[in-house]
Amino acid sequence: NAGVTQTPKFRILKIGQSMTLQCTQDMNHNYMYWYRQDPGMGLKLIYYSVGAGITDKGEVPNGYNVSRSTTEDFPLRLELAAPSQTSVYFCYARGQGQNYGYTFGSGTRLTVV
Amino acid sequence: AQSVSQHNHHVILSEAASLELGCNYSYGGTVNLFWYVQYPGQHLQLLLKYFSGDPLVKGIKGFEAEFIKSKFSFNLRKPSVQWSDTAEYFCAVNPSSGSARQLTFGSGTQLTVLP
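What follows is the structure, encoded as structure tokens:
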């Protein structure tokens, strides 16, 4: 049981390049979220999804896109990478019910140069 | 929208000292509360959470937190820290009701424990 898997773990992009950060979960959780973490800023919500086919913007969505064609996968797309997108990106999935748990992926460290 | 404040950005303690990290939140309704720990280069791990019931919550690694509703606070405590507790600590909240219930995080507190 892998939980939440993020790939790649590290990536260096040049300004203007595009890439997709992958997030896959095997827990059949409906809720999935993408955050970025910057030093001294905590984690900011980029996008989230409450189920397959349903996505919504978070606090800092500009420059990113997401899709949720299946329950398992929630990829985050950067179309035109900018230095401001240098960050660590975390995906997590949440179960339902009163004692739902949150399972975080191990993160993707992205540097845009 | 909810917000979370962690007033201590960096705390330095000697081993065996007691720890208390502050967390205050702002939200107009009922919330769930969480403390996460992040060791260098790793992802967030859940220390403890509060949904309802006893406001004194015990978590892993000897940590505990107390929810004081009147003060909108959820401070993290540990009676005696160890060098291995050196990490960054995040407080987070989310609404108790609603569909998405996305977490809102504080800016984090870096704890350094000196041997």
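Line by line, the protein sequences give chains A and B.
Counting from 125, one number per residue, gives the positions in the first sequence under this note's numbering.
Counting from -6, one number per residue, gives the positions in the second sequence under this note's numbering.
Backbone N, C-alpha and C fix where the C-beta goes; we use that ideal spot for every residue, glycine too.
In this text, all values refer to a predicted model and were calculated from it rather than measured experimentally.
Item                                                                                                                                                                   : Value
At the level of alpha carbons, what is the spacing between residue 76 of chain B and residue 215 of chain A?                                                           : 29 Å
Could you check if residue 32 of chain B is buried or exposed, using at least 16 other CB atoms within 10 Å of its CB as the buried criterion?                         : exposed
Per DSSP, what kind of secondary structure is residue 168 of chain A in: helix, strand or coil?                                                                        : strand
In chain A, which residues lie with their C-beta within 8 Å of the C-beta of residue 95 of chain B?                                                                    : 157, 169, 172, 182
Give the residues of chain A in contact with residue 36 of chain B, contact being defined as C-beta atoms less than 7 Å apart.                                         : 214, 228, 229, 230, 231
Leaving out five residues before and five after residue 136 of chain A in sequence, what residues of the same chain have Cβ atoms less than 7 Å from its Cβ?           : 235, 237
Could you tell me how far apart the beta carbons of residue -5 of chain B and residue 18 of chain B are, in whole angstroms, since I believe they sit closer than 8 Å? : 6 Å
Can you find a C-beta in chain A that's less than 9 Å from the C-beta of residue 65 of chain B?                                                                        : no
Output the distance between the C-alpha atoms of residue 207 of chain A and residue 139 of chain A, rounded to the nearest integer angstrom.                           : 7 Å
Taking only beta-carbon positions, decide if residue 83 of chain B is within less than 9 Å of chain A.                                                                 : yes
Which value, in whole angstroms, describes the spacing of the CA atoms of residue 211 of chain A and residue 233 of chain A?                                           : 6 Å
Any Cβ of chain B within less than 9 Å of the Cβ of residue 165 of chain A?                                                                                            : yes
Mind checking if residue 218 of chain A is an interface residue toward chain B, Cβ cutoff 9 Å exclusive?                                                               : yes
Which residues in chain A have a C-beta closer than 8 Å to the C-beta of residue 92 of chain B? List them in chain order.                                              : 174
Using Cβ-Cβ distances below 8 Å, what residues of the segment 44 to 68 of chain B are close to chain A?                                                                : 44
Between the C-alpha atoms of residue 170 of chain A and residue 5 of chain B, what's the straight-line distance to the nearest angstrom?                               : 32 Å
Over the uninterrupted beta strand (DSSP E) stretch that includes residue 189 of chain A, give me the two end residues.                                                : 188 to 190
Excluding five sequence neighbours on each side, which residues of the same chain lie with their C-beta closer than 8 Å to the C-beta of residue 175 of chain A?       : 154, 155, 192, 195
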